[in-house]
Every structure is written in structure tokens, then in C-alpha cells.
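Each protein sequence line maps, in turn, to chains Y and X. If you read the first sequence in our numbering, its first letter stands for residue 1, the second for the next number, and so on. If you read the second sequence in our numbering, its first letter stands for residue 264, the second for the next number, and so on. Every residue, glycine too, gets a C-beta built ideally from N, C-alpha and C. Please read these numbers as outputs of a predicted model, since none were measured by experiment.
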Amino acid sequence: MNQPLLEVKDISLSFKGVKAISNVSFQVQEGELFSIIGPNGAGKTSIFNSISQVYRPQEGDIFWKGNSISGQRPDTVAGLGIARTFQNIELFPHMTVLENLLLGRHVRMKRSWLAGALWFGPAKKEEMEHRLAVEDIIDFLEIEEWRKHPVALLPYGFQKRVELGRALAMNPELLLLDEPVAGMNLEETEDMARFILDIRRELGISMILVEHDMSLVMDIADRIMVLDFGQKISEGTPEQIQKDPAVIAAYLGDEEGLALDTD
Amino acid sequence: MRGRPNLYTSYASESRIFPTRTQQVGIGIALVLLLLMPFDLPIVDQIPLIRFLGDNSWLRIVNRMFIFCIAALGLNILSGLGGQVSLGHAFFMGVGAYTAVLVGGPSTSSLWGWGLPIWIWLPASGVVAALVGILVAPAAVRVRGLYLAITTLGLVFIGLHLSRVFPEIAGPGSLGRKWPKLEIRIWKEENPFLDFSSDGHWFWFDITDNQKTYYFLLALLIIFSLCAANLARTRTGRALAAIRDQDVAAEIMGVPETKYKTIAFAISSFYAGVAGALAASFVGQVPPEQWDLILSVEFVAILLIGGMGRISGALAGTFFVVLSPRFVEEIIEWMTEQAEGNGTFSGMWDGIISLGSGDFGIISVSETALGYPIPYSSLDEIIYGLLIVVFMLFEPLGLYGIWTNIRNYWKGWPFSY
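What follows is the structure, given as C-alpha cells:
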């Protein structure tokens with residue numbers, strides 16, 4: 001077996017008394033669409049925050065292509081090629097769609113503030129190169145008409161799409177998608193699913209998907225990990241997960257729980 | 264056939280500072296007007312409202328405005344673009360001013376000074392202020408919002424204290440010392456190569472010191488504005504705006520927060536330092552108390568009135584704040600004339616203006632009519648205060664917001680959107 005792209009090894013994260021994640025390990029292979037599901041408060045987003053090093057797990061280690069990234073700054077992790085979207089949209093509301101996407105290119109750009117202040121020369125050249133890359137993404141996500149709009153004025157579904165675009169603009173090798181279709185209608189969900197599949201097929205980017213929409217997850221994920229109360233309760237292909245009694249118990253309540261309810 | 268409409272054919276042409284033809288023509292006309300402004304123009308001085316543009320007597324205050332514009336652009340980078348509220352701008356201006364006087368000022372028995380020419384002291388004032396900004400940044404990047412405002416406020420008091428500790432730099436007591444003049448020397452020779460501080464003769468016409476200073480400051484302001492605009496539309500500007508909007512998300516997208524906040528502090532302080540040096544040199548002699556909290560607050564007000572985060576907003580705000588007292592003065596002068604005269608409406612104006620002790624009126628122009636009427640001298644402060652309240656309540660985006668509203672209205676006219 002070749003080296004995994006991302007390896008999370010026995011991480012535990014707690015906030016004072018609350019244990020958000022306990023001893024969770026998983027691996028993501030190159031080109032894989034890995035999905036994390038679980039009830040609310042299971043620790044899915046905490047795992048994302050641990051990977052981006054916004055939270056520092058007290059125990060365990062996270063390896064990117066075999067090298068530990070624990071203790072790095074979030075912007076360094078971003079520079080390695082790990083991009084993400086957020087559960088509640090975290091776009092830059094006063095900036096236009098174009099500026100948001102160009103900000104995603106930040107880690108791929110080199111010119112300093114001094115070159116920027118002069119504009120002519122290297123800074124202009126670089127801006128134009130990256131503008132082309134961003135225009136490809138705008139084209140890919142079909143948001144041409146919103147290019148110059150401040151994102152705060154966009155409809156929710158498009159904001160989600162811009163956020164995906166901003167993550168793509170980073171040229172990532174791994175994309176962390178935190179509930180990309182939450183709050184979307186059927187049509188928007190299908191659009192987003194199409195984009196996710198296209199990203200995998202055309203751009204070959206590995207993804208970790210956190211999502212509550214089970215039909216979407218079962219449809220497109222290669223492998224699924226199920227969390228409950230910060231603990232990993234199952235991992236496997238969609239077929240295996242659907243049959244796993246532990247998963248059914250977590251989602252529907254186990255027999256004991258049911259018994260209590262009926263009493 | 265009228266041919267193709269104006270379309271962008273390259274990304275480079277679209278990302279210009281003035282991308283549309285209308286804007287380019289507008290800025291061209293504005294530049295010509297600005298270049299002609301210092302002279303008594305025959306036609307312009309007849310048009311109401313912009314009459315002052317053709318009037319020489321306004322030049323001194325316009326020069327002051329240019330200097331304030333540079334400082335406001337600096338604060339705009341830190342507060343408008345980077346979202347870091349600072350009340351320490353006056354401190355950085357002071358740092359620039361005292362660097363200028365130390366590097367460029369004369370050396371006497373009680374004062375320090377190296378007497379170097381302007382092309383050393385002016386950049387030095389910016390660089391030293393920027394270095395002090397970098398020194399302060401580690402403390403400032405840890406706090407945000409109101410806490411940052413109070414932290415930077417502390418700088419102003421530290422600055423005032425330091426000016427008392429070093430009378431060799433700041434001059435004795437509250438008098439201040441003489442600043443080097445705006446004169447370009449190659450080195451320390453007697454006669455300056457080019458001076459902006461005395462009347463002279465350029466090409467085929469006579470030119471006064473104020474007119475010369477005007478051109479010098481206009482050139483500097485254009486350079487500083489272009490740099491600020493370029494900064495805003497490139498990588499650094501976007502990174503700062505991202506930190507302003509969502510700092511945690513910005514970090515996850517790969518923007519090192521501390522580094523960019525430090526850069527913002529340094530650049531903003533550079534602008535402030537240069538503006539401080541120019542202001543002190545322009546006035547000639549400045550007491551240390553000049554670099555106080557009121558001055559800092561004035562720049563915050565300029566940004567609020569002009570519109571946060573916009574270069575045109577910073578410039579328009581400065582125009583408004585620095586020139587409005589003078590406008591008020593003009594209007595009151597005119598009203599007094601009307602009240603004293605025998606015109607049709609003189610009674611109405613007489614009701615507003617209080618000319619003497621026995622005269623009733625809201626605004627007093629006389630020393631002997633104190634008490635109920637608002638003294639004429641403090642009217643501009645009252646209006647200034649009112650303006651801030653009105654802008655905060657009705658147009659938080661400032662003059663820039665008003666402008667975009669007007670523009671969008673006419674864009675869609677006759678439809679409402």
C-alpha cells in the first residue's frame with residue numbers, strides 16, 4: 001500500500017471537560033473521496049479544525065504525505081495544499097467574488113507589498129497570470145455573472161459555490177468540504193454534487209466530505225467514517241456502512257433507547 | 264453603424280485604477296483643474312461653490328489639506344483596508360515630524376540636528392515612523408476593536424511624554440522648534456537647488472511660495488494615492504481586506520495574520536510619518552502638544568465621513584473636514600454682509616446673525632454678544648460634531664456611500680433598480 005495523502009493518528013481533542021474527539025484515526029488516499037458522517041456534535045467539524053490546525057489536538061498526530069503537521073500555523077497548512085470550505089459560509093463579505101477567489105490564490109502568489117505598491121512590472125504580471133487561473137474556476141463553477149458582485153449580496157447557494165471556488169483557487173491537493181449542500185434545495189444540491197464529481201474527475205483532487213445529506217454521501221463517497229460523540233464507530237464503503245448495526249443505533253437510537261422511549 | 268461598444272479586451276485593461284472612458288476623462292479634467300488651481304483664473308472664480316478653486320487665498324488651507332490627505336490615506340490602509348482601528352495616528356505623525364527635525368534641522372547649543380537635505384529627511388521620517396510601527400505591532404496585533412483603539416491611544420501619551428524628556432529634539436517647553444523648510448538641496452550648500460518656501464520666478468511667470476508648495480505637495484499626494492491604490496488591488500491589499508472581514512478564515516486560506524497586520528502598521532505609519540514631517544515643515548514651528556488625541560480622532564472622523572476602505576473616500580473626507588470650517592466662515596461672512604445691508608432679505612439674516620450686544624440672533628459674530636448665541640468661532644466645531652453624528656446615523660458608508668447611491672440611481676434610471 002502506498003503512502004496515504006493524509007493520515008490522522010489517534011487524535012484526541014477536549015475543551016475543558018468536553019471531549020470533542022477521542023482517539024480517532026483514519027487515512028485518506030490520493031484521489032479518494034472520503035466522507036465523515038455522524039449526528040450533530042459528533043466532532044466532524046472539530047476534525048476539520050484539527051487538520052487546519054485551528055484547534056490543536058492534545059493527543060495524537062496528523063501526517064501530511066508522511067510529515068507531521070501538528071503545531072504548524074493554519075496559514076502554513078494552507079500553503080501545503082489543504083483547502084477547505086466552512087459549514088457557515090466564511091467568505092469575505094465586503095470583497096467581490098473575484099477578490100475572494102484571488103485571495104484563494106494568495107498562497108500561490110509570491111510578490112511582496114513593495115512590488116504591489118509599484119504595480120508595473122512583476123506585480124502586474126503575477127496578477128494577470130492568477131487572474132487567468134481564477135477565470136478558469138469562475139468558468140468551471142458557472143458564476144460568470146457574479147464576478148464583480150460583493151459576495152454579501154449573493155444568494156446563499158451561490159455563496160456556497162464561491163466558497164468552493166475560493167478553496168479550489170488554492171490549487172489544493174486535499175479539499176475539506178464542510179456540509180457543502182446544507183440548506184440547499186434539490187436542484188442546488190444536484191449542481192453541487194456535479195461540481196464535486198467534476199472536481200474529482202477533472203482536477204483529480206482528493207476530498208474529505210462532511211455532510212448530513214445521506215443520499216448524497218452514499219451516492220458519491222468512496223469510503224465513509226462514522227463518528228458518534230467524538231468516537232469512531234464505523235468505517236467502510238457505503239454498502240458496509242448502511243448495514244452496520246452500530247451506525248443504525250447511532251442514528252436511530254439502539255434498542256435500549258427505543259425501549260426507554262416506548263415506556 | 265456606431266461600431267463596437269466599449270468592451271474590455273484584456274484583464275489588464277479591466278484592472279486599471281480608472282477602467283472606464285468616463286472615469287479617464289473625468290480624472291483628466293480634474294488634473295487640469297488641479298494644475299491651474301493655484302492661479303487666479305478668470306472664469307473659474309465666477310462659478311459659485313467651486314469659486315475658491317480660482318482664488319489664491321485658499322491655497323494655504325488647500326496645501327494643509329494635501330498633507331492631511333497623505334496621512335488619511337495611511338490610516339485608510341490600516342483601518343479601512345485592514346480593519347484595525349487606531350487612535351495612534353497622531354503619534355506616528357509626531358515621530359515623522361521629529362525625525363525630520365532631527366535629521367534636517369539646524370544644530371545649536373541646546374538643540375540636536377544634522378542639517379541634512381530634504382531627500383534624506385523626508386524619506387527618513389517615513390522610514391523611522393514605519394520602524395516604530397513595526398516595534399509597536401507585536402503588542403497591537405494581539406488585540407482588536409476597541410481594545411486596539413485604547414492600546415494605540417496609549418501611544419499618543421507616550422509620545423507627549425517623550426517630547427518632554429528630550430527637549431534637545433522637541434524644542435523648549437510648549438514653543439517647539441523651527442523645522443527645516445521645504446527646500447531641495449543637493450547637500451548642505453547655502454542656496455537651495457529648488458525651494459518651495461519663498462517667492463520666486465519659474466519659467467516666464469512669478470510664483471509665490473504657496474503656489475510652489477502646492478505643486479510639490481500635489482505631486483507627492485498623487486504618488487502616495489497611486490501607491491495606496493496599487494496596494495489595495497494586489498495581493499497585500501486583498502490579504503488585509505480578508506483579515507478585516509474574517510480573520511480566522513483568512514488564516515485558514517493561507518494569510519499569515521500577524522505578518523500582514525505588521526505590514527499594515529508599517530505602511531500606515533510610513534504615510535503618517537511623511538505627512539507629519541510635511542505638516543511640521545509647512546507650518547514652520549510646532550509645539551509637541553499638536554500631536555495629540557484630537558488630531559488622531561480627526562483622522563478617524565475623516566475616514567468615517569469619507570467612507571472606510573476607499574481611497575476616494577479618504578480624499579473626499581479630508582477635503583470635507585479640512586475645508587468645511589473655511590466654508591462655514593465664508594457663509595457666515597456672507598450672511599453678516601447681508602444682515603448689515605439693506606437688501607430684501609436682510610431682516611431674515613439679521614434674525615440669524617447677532618451683530619452686537621443688543622442684537623438678537625443665533626450665531627454671534629461679535630465679542631460683546633456672548634451668552635445665548637453660538638459664538639462664531641466654535642461654530643465649525645459644532646458643525647463638525649453634528650456631521651459625524653449625521654453620517655453615522657444616515658450614511659455609515661460616508662461620502663463614498665452617497666456617491667455609489669447616486670451612481671446606481673442614474674445607472675438604472677428611469678427604473679428603480
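Check whether residue i and residue j have beta carbons under 8 Å apart
| i | j | result |
| --- | --- | --- |
| I340(X) | L541(X) | no |
| G378(X) | G368(X) | yes |
| L175(Y) | V162(Y) | no |
| V210(Y) | L177(Y) | yes |
| D643(X) | V560(X) | no |
| R507(X) | G346(X) | yes |
| E596(X) | S437(X) | no |
| I568(X) | L650(X) | yes |
| T497(X) | G116(Y) | yes |
| I224(Y) | I241(Y) | yes |
| I51(Y) | I21(Y) | no |
| A360(X) | V549(X) | yes |
| V217(Y) | V247(Y) | no |
| V399(X) | L425(X) | no |
| R147(Y) | I138(Y) | yes |
| S515(X) | R84(Y) | According to the sequence shown, residue 515(X) is Ile rather than Ser. Yes. |
| F92(Y) | A505(X) | yes |
| Q107(Y) | G517(X) | Just to set this straight, residue 107(Y) is Val in the shown sequence, not Gln. Yes, they are a contact pair. |
| P39(Y) | I11(Y) | no |
| D244(Y) | F34(Y) | no |
| I290(X) | F302(X) | no |
| T476(X) | W113(Y) | no |
| S575(X) | Y663(X) | yes |
Contact set for residue i: own chain, Cβ-Cβ below 8 Å, skip 5 residues either direction
| i | result |
| --- | --- |
| I324(X) | V585, L586 and R589 |
| H94(Y) | P150 and A152 |
| L197(Y) | I220 |
| T96(Y) | R147, K148, H149, P150 and V151 |
| Q3(Y) | K65 and G66 |
Residue(s) in a DSSP beta bridge with residue i
| i | result |
| --- | --- |
| M225(Y) | I36(Y) and E235(Y) |
| S12(Y) | E59(Y) |
| E446(X) | D458(X) |
| E7(Y) | Q27(Y) and F63(Y) |
| F468(X) | W465(X) |
| Q683(X) | The first residue shown for chain X is 264 and the last is 680, placing residue 683(X) beyond what the model contains. |
| S68(Y) | F63(Y) |
Candidates the options: closest to residue i by CA position
| i | options | result |
| --- | --- | --- |
| S372(X) | F354(X), S349(X), P430(X) and I421(X) | P430(X) |
| E142(Y) | G157(Y), Y55(Y), G41(Y) and A221(Y) | G157(Y) |
| N685(X) | A400(X), R327(X), M571(X) and G517(X) | Not covered by the structure: residue 685(X). The range shown for chain X is 264 to 680. |
| M184(Y) | S206(Y), R166(Y), K160(Y) and D198(Y) | K160(Y) |
| G165(Y) | N100(Y), I21(Y), P245(Y) and I62(Y) | N100(Y) |
| G337(X) | P455(X), L578(X) and L556(X) | L578(X) |
| A393(X) | L299(X), G539(X), W375(X) and L423(X) | G539(X) |
| G434(X) | L296(X), Y639(X) and V364(X) | V364(X) |
| W450(X) | W384(X), A504(X) and I397(X) | W384(X) |
| V28(Y) | D228(Y), P122(Y), I208(Y) and T45(Y) | I208(Y) |
| I62(Y) | L6(Y), K232(Y), D228(Y) and E145(Y) | L6(Y) |
| A403(X) | T476(X), A529(X) and M611(X) | A529(X) |
| H212(Y) | L13(Y), E202(Y), T45(Y) and S68(Y) | T45(Y) |
| L102(Y) | S14(Y), I69(Y), E127(Y) and I36(Y) | E127(Y) |
| I205(Y) | A133(Y), E30(Y) and P122(Y) | E30(Y) |
| S278(X) | V348(X), A492(X), A293(X) and E453(X) | A492(X) |
Supposed contact pair residue j and residue i - C-beta distance, whole angstroms, cut 8 Å
| i | j | result |
| --- | --- | --- |
| E90(Y) | A512(X) | 4 Å |
| A334(X) | A535(X) | 5 Å |
| F545(X) | I330(X) | 6 Å |
| M192(Y) | G104(Y) | No, M192(Y) and G104(Y) are not in contact; Cβ-Cβ is about 18 Å, not under 8 Å. |
| A412(X) | L350(X) | 5 Å |
| L503(X) | L344(X) | 5 Å |
| R73(Y) | P519(X) | 7 Å |
| M598(X) | I625(X) | With 8 Å as the limit, M598(X) and I625(X) do not qualify as a contact, their Cβ atoms being about 11 Å apart. |
Cutoff 6 Å; reference residue i; Cβ partners in own chain excluding five residues on either side
| i | result |
| --- | --- |
| T189(Y) | V181 |
| D458(X) | E446 |
| C332(X) | L484, L578 and T581 |
| G264(Y) | Lying outside 1 to 263, the shown extent of chain Y, residue 264(Y) is not represented and no answer is given. |
| G572(X) | G343 and L344 |
| D75(Y) | none |
| K444(X) | S460 |
Cβ neighbours of residue i in the same chain (closer than 7 Å, five flanking residues each side left out)
| i | result |
| --- | --- |
| L297(X) | L481 |
| D228(Y) | G38, P39, A42 and A250 |
Within chain C, partners of residue i - CB distance below 9 Å
| i | result |
| --- | --- |
| E127(Y) | This model lacks chain C altogether; the protein chains it does include are Y and X. |
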